[in-house]
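Read through the structure below, which is laid out as structure tokens, and then see the notes.
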Amino acid sequence: MLIIRTDNLTKHYGRIEALRGVSLTVEHGQIFGLLGQNGAGKTTLIKILLGITRWTDGTAKLLDEPAGSVRVRRRIGYLPEDHRFPDYHTGASLLDFYGALLEMPRAERRKRIPEVLELVGLKGRMHYKIRTYSKGMKQRLGIAQAIFHNPEVIFLDEPTDGVDPVGRREIRIIMQQLKDEGKTIFLNSHLLGEVEQICDRVAILQKGEVVREGTVADLTHLQNHVLLGLASGQTFPREEVQKLGYVISSSGEMWEIGLRDGQSIDPVIDLLRSRGLSIRHLVEKRQTLEDLFVQTVEASEPGVDRIIRHPRRRPL
Amino acid sequence: MKFLAILKDSLREALDTKVFYVMVAFSLLVIVLVGSIGYHPVSVEEEAHRFADQATWFLTHFGEQHKMSAPQRWDIKDFEQTQPGAAPWQTGYRFALTIEFPDEEQAKQARKIQKLMRDGLQQQLRLQFYYLKNLKIADVEPQDAKEVRFLVTTEASEVSRMQDWPHYPVFLFSLPLRFWRMPVGSFVQFWESWLVNFFGAAIALLISTIITAFFIPNMLRKGTVDLLLVKPISRSVLLLYKYIGGLTFIFLNTVVVVVGIWLVLGLRTHMWGTGFLLSIFVLTFQFALYYAVSTLFAVFSRSPIVAILMTCLFWFVFAFVIGYGYHWVNPSRKWRDVREAQIEEGQEMPSEKIMPEKPFPDVVYTTADIIHFVTPHLKDLDTLTDKWVLEDVISPDSPQRKAAEKAYAGFRWTEAVSVTSLYIVILLAVSCWWFARKDY
Chain B
0 MLIIRTDNLT KHYGRIEALR GVSLTVEHGQ IFGLLGQNGA GKTTLIKILL GITRWTDGTA
60 KLLDEPAGSV RVRRRIGYLP EDHRFPDYHT GASLLDFYGA LLEMPRAERR KRIPEVLELV
120 GLKGRMHYKI RTYSKGMKQR LGIAQAIFHN PEVIFLDEPT DGVDPVGRRE IRIIMQQLKD
180 EGKTIFLNSH LLGEVEQICD RVAILQKGEV VREGTVADLT HLQNHVLLGL ASGQTFPREE
240 VQKLGYVISS SGEMWEIGLR DGQSIDPVID LLRSRGLSIR HLVEKRQTLE DLFVQTVEAS
300 EPGVDRIIRH PRRRPL
Chain D
0 MKFLAILKDS LREALDTKVF YVMVAFSLLV IVLVGSIGYH PVSVEEEAHR FADQATWFLT
60 HFGEQHKMSA PQRWDIKDFE QTQPGAAPWQ TGYRFALTIE FPDEEQAKQA RKIQKLMRDG
120 LQQQLRLQFY YLKNLKIADV EPQDAKEVRF LVTTEASEVS RMQDWPHYPV FLFSLPLRFW
180 RMPVGSFVQF WESWLVNFFG AAIALLISTI ITAFFIPNML RKGTVDLLLV KPISRSVLLL
240 YKYIGGLTFI FLNTVVVVVG IWLVLGLRTH MWGTGFLLSI FVLTFQFALY YAVSTLFAVF
300 SRSPIVAILM TCLFWFVFAF VIGYGYHWVN PSRKWRDVRE AQIEEGQEMP SEKIMPEKPF
360 PDVVYTTADI IHFVTPHLKD LDTLTDKWVL EDVISPDSPQ RKAAEKAYAG FRWTEAVSVT
420 SLYIVILLAV SCWWFARKDY
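Here the protein sequences line up with chains B and D, keeping their order.
Each residue of the first sequence is one higher than the one before, counting from 0 in numbering that gives the first Met the number 0.
Each residue of the second sequence is one higher than the one before, counting from 0 in numbering that gives the first Met the number 0.
Structural data, given as structure tokens:
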């Protein structure tokens with residue numbers, strides 16, 4: 000079941016193209032990570048899906064309704080990146096206010112407020128003014144308000160920003176719990192390690208375009224690269240292996256062997272065995288999400304904004 | 000539920016500002032101040048003694064110094080009410096005014112000009128006791144060779160109610176201002192009109208504008224607005240609820256101030272006319288217009304400073320320049336009629352030079368009428384409050400009331416309310432349209 004679907008989504012801010020034909024799908028129960036440099040269009044995409052910003056062209060659907068419609072907004076939770084809660088509220092009164100706007104009955108609000116604040120570790124400070132909260136506490140409160148009304152889809156824009164490592168771990172656990180409950184989470188984060196740990200699928204947005212998309216496993220998998228290690232004290236016959244037509248490079252104590260299309264690692268193993276060498280490691284090489292991200296954005300054009308150039312009018 | 004939530008949020012926001020407490024303190028101070036003023040009916044006997052004492056003091060200090068008169072002592076004797084036990088306004092008075100000289104010779108000299116003195120005294124006493132009817136003064140035989148004696152008599156006044164009898168105020172429970180004498184109704188009218196049209200319209204509306212000017216820009220701050228826009232409420236409704244929330248807050252505050260003043264004035268004067276209470280709606284209506292201006296500029300600029308400055312500019316242009324300008328130009332059409340009426344009543348001397356029909360060319364009146372018609376009628380709304388207060392406290396047959404009713408007859412209340420309402424609707428419609436189409 001598709002929860003989010005965008006087709007050829009485009010957004011212009013005057014002459015600046017923030018999104019260029021973005022087509023994405025997010026399925027029910029997934030944690031979807033959206034990656035990209037600053038200004039790549041991640042927040043714009045989220046804001047379009049939530050109805051905060053209007054799109055210029057294309058289509059965007061959320062929960063089978065046009066993105067941003069009032070009916071959809073009842074079913075979503077959102078934590079913006081640079082959120083600024085009214086600091087005259089306490090944590091509890093803020094949730095009560097937002098709950099009332101979400102048409103939650105008063106009794107339910109009263110029941111949910113301590114529950115949710117306990118979940119994010121703020122129950123002890125629920126009656127304190129928000130202006131007394133630290134950045135990390137505000138971030139926890141942000142997560143609390145995003146999940147307060149038990150939404151089906153949760154958009155989290157940098158949810159661990161300003162949170163200490165223990166808090167980050169707790170937030171990851173909360174996200175995992177939400178996923179287990181069948182919620183769909185759309186996550187924007189610069190912390191690629193976290194995204195890699197928790198997301199099912201990711202997309203990389205660069206200059207308003209989706210340049211990579213897929214499962215974390217697919218994207219980090221490096222086809223035709225094998226890491227091989229021998230028992231200690233043994234010498235790897237590099238030149239002989241190269242003569243077989245393999246690309247060899249050193250990777251710490253191991254050797255990275257590149258396989259050309261159709262090439263098998265078996266001749267290398269046969270060679271090592273015939274020499275009486277003991278193979279201790281033989282694994283298919285993977286790259287981190289960070290490696291992938293850096294490679295992807297470095298491969299793209301530099302800069303972040305694309306300006307639409309209108310043809311200059313010529314005098315008649 | 001959403002409206003109540005936004006209203007509660009606005010209240011919470013207002014309570015968080017220091018300006019709110021300044022406003023509350025200011026309002027309470029005004030209520031306490033008004034409540035501290037008592038109104039004491041003027042006593043004819045005390046006034047007569049005061050008149051005599053003042054004359055003695057004046058003639059002693061200035062008359063002798065400048066050799067204008069002989070040393071003398073004025074006194075009131077044999078003071079009595081013609082109807083003992085009646086209320087001060089329901090009885091006539093009779094008393095002797097004596098002037099005592101140091102020796103018989105000086106008294107004898109004074110008696111020679113007693114008739115002249117009597118005419119002057121009658122004029123002075125009629126001015127002093129303007130509220131007494133048919134005050135007469137007559138020469139009577141002195142009881143002592145050193146004195147000159149006059150008999151002063153009056154009839155019961157035409158005043159039928161206590162409120163119409165002159166009173167003097169006693170400030171802060173203990174500070175009498177005996178020189179300031181007016182009927183209680185006039186005091187009530189003074190406070191109510193002054194409080195509504197000066198304190199209310201100017202200071203309270205300015206403070207209210209400052210407090211509420213932060214509501215919408217704060218809501219539109221980056222990171223705050225996003226959290227509201229994702230809630231299942233349309234942008235126009237959100238903005239209107241926020242507007243109504245601010246307006247309700249000011250309405251409640253106005254209720255407290257006006258009802259507080261009305262209560263303390265009622266307790267002090269026993270005048271419980273409800274016209275003043277209607278000013279709650281006029282003040283709130285005026286504020287609705289200013290807040291609509293503030294909302295528009297808040298939505299455009301997201302800056303409370305811009306919203307406050309533009310609202311003040313709006314007030315200056317529409318209420319001050321155009322409002323007062325029109326209220327100055329408009330009555331001049333009737334200057335000639337007024338002057339002719341004054342000449343007929345003998346208040347003015349006829350002049351050979353004939354006054355022009357209107358002091359300005361017709362184009363000035365046409366332009367003023369058009370500008371007045373197409374702009375919010377803020378000054379007319381002030382006059383509306385004055386009218387209600389006046390009808391409450393001034394008796395229908397008093398000249399003041401009749402003159403005011405003549406002036407009010409020219410105002411078109413429905414036009415004032417309709418045009419001003421139209422402005423509020425247009426300003427809010429533009430604000431909603433802008434807010435609804437803007438990307439955040």
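Virtual Cβ for every residue (Gly too), placed ideally from N, Cα, C.
Small disclaimer: the values here were computed from a predicted structure and weren't measured.
- Looking at Arg14(B), Val115(B), Asn37(B), Gly57(B), the one whose alpha-carbon comes closest to that of asparagine 149(B) is Val115(B).
- Note on geometry: alpha-carbon atoms of alanine 99(B) and aspartate 8(D) lie some 11 Å from one another.
- If only uninterrupted alpha helix (DSSP H) runs of at least 4 residues are considered, those enclosed by the region 194 to 242 of chain D are 204 to 212, 214 to 218, 224 to 228.
- Neighbours of tyrosine 439(D) across chain B, judged by C-beta separation under 8 Å: Lys46, Ile51, Thr52.
- Neighbours of alanine 59(B) across chain D, judged by C-beta separation under 7 Å, do not exist; the nearest C-beta is about 14 Å away.
- Under the criterion of beta carbons closer than 8 Å, methionine 0(B) and glutamate 26(B) qualify as touching, at roughly 7 Å.
- The beta carbon of valine 18(D) sits no closer than 8 Å to any beta carbon of chain B.
- Methionine 253(B) is bridged by DSSP to Ser250(B).
- Proximity to phenylalanine 214(D) across Ile304(D), Leu380(D), Ala201(D) peaks at Ile304(D), based on C-alpha coordinates.
- Excluding residues up to 5 positions away in sequence, Trp88, Tyr130, Leu131, Lys132 lie with their Cβ nearer than 7 Å to the Cβ of serine 156(D) in the same chain.
- In its chain, beyond the 5 residues on either side, Val41, Pro165, His166, Tyr167 have a beta carbon closer than 8 Å to the beta carbon of arginine 180(D).
- Close CB contacts of threonine 24(B) within its chain, under the 7 Å cut and outside five residues either way in sequence, are with Leu1, Ile3, Arg4 (chain order).
- The beta carbon of proline 216(D) sits no closer than 8 Å to any beta carbon of chain B.
- Proximity to valine 21(B) across Gly13(B), Arg130(B), Leu33(B), Gly28(B) peaks at Leu33(B), based on C-alpha coordinates.
- By the Cβ criterion, the region 209 to 221 of chain B is not in contact with the region 52 to 70 of chain B, since fewer than three pairs of Cβ atoms, one from each stretch, lie closer than 8 Å.
- Around the Cβ of tyrosine 20(D), a 10 Å sphere holds fewer than 16 other Cβ atoms; the residue is exposed.
- With contacts defined by Cβ atoms closer than 8 Å, methionine 309(D) and valine 292(D) form a contacting pair.
- With 16 or more other CB atoms across the displayed protein chains lying within 10 angstroms of its CB, aspartate 385(D) is buried.
- Per DSSP, histidine 280(B) lies in no alpha helix (DSSP H); the unbroken beta strand (DSSP E) holding it starts and ends at 278 to 285.
- Burial is judged here by how many other beta carbons sit within 10 angstroms of a residue's own beta carbon; histidine 371(D) has at least 16 and is buried.
- Under the DSSP definition of a beta bridge, glutamine 205(B) partners with Glu208(B).
- Chain D has no Cβ within less than 8 Å of the Cβ of aspartate 265(B).
- Just so you know, the alpha carbons of glycine 228(B) and arginine 72(B) end up roughly 54 Å apart.
- In this structure, the straight-line span from the alpha carbon of phenylalanine 292(B) to that of valine 210(B) is close to 10 Å.
- Collapsing the DSSP output to three states places tyrosine 97(B) in a helix.
- Comparing alpha-carbon positions, the option among Trp193(D), Ile249(D), Gly222(D) lying closest to isoleucine 209(D) turns out to be Ile249(D).
- Here the alpha carbon of glycine 123(B) sits roughly 37 Å from the alpha carbon of serine 235(D).
- Taking 7 Å as the upper bound on Cβ-Cβ separation, chain B lies near residues Asp8, Arg11, Glu12, Asp15 of the region 5 to 29 of chain D.
- For arginine 274(B), same chain residues with a beta-carbon under 7 Å away, outside a window of 5 residues either side, are Pro236 in chain order.
- Take tyrosine 240(D), set aside five residues on each side of it, and the residues of its chain with a beta-carbon closer than 6 Å to its own are Phe2, Ile5, in chain order.
- Look at proline 398(D) here: in three-state DSSP terms it is helix.
- Within chain D, the C-beta atoms nearer than 8 Å to that of leucine 101(B) come from Lys230, Pro231, in chain order.
- In this structure, aspartate 81(B) and glycine 322(D) do not form a Cβ contact; the two beta carbons are roughly 44 Å apart against a cut-off of 8 Å.
- Between the region 183 to 199 of chain B and the region 244 to 262 of chain B there are fewer than three inter-stretch CB-CB distances shorter than 8 Å, so the stretches are not counted as touching.
- The beta-carbon of leucine 238(D) is placed no less than 8 Å from the nearest beta-carbon of chain B.
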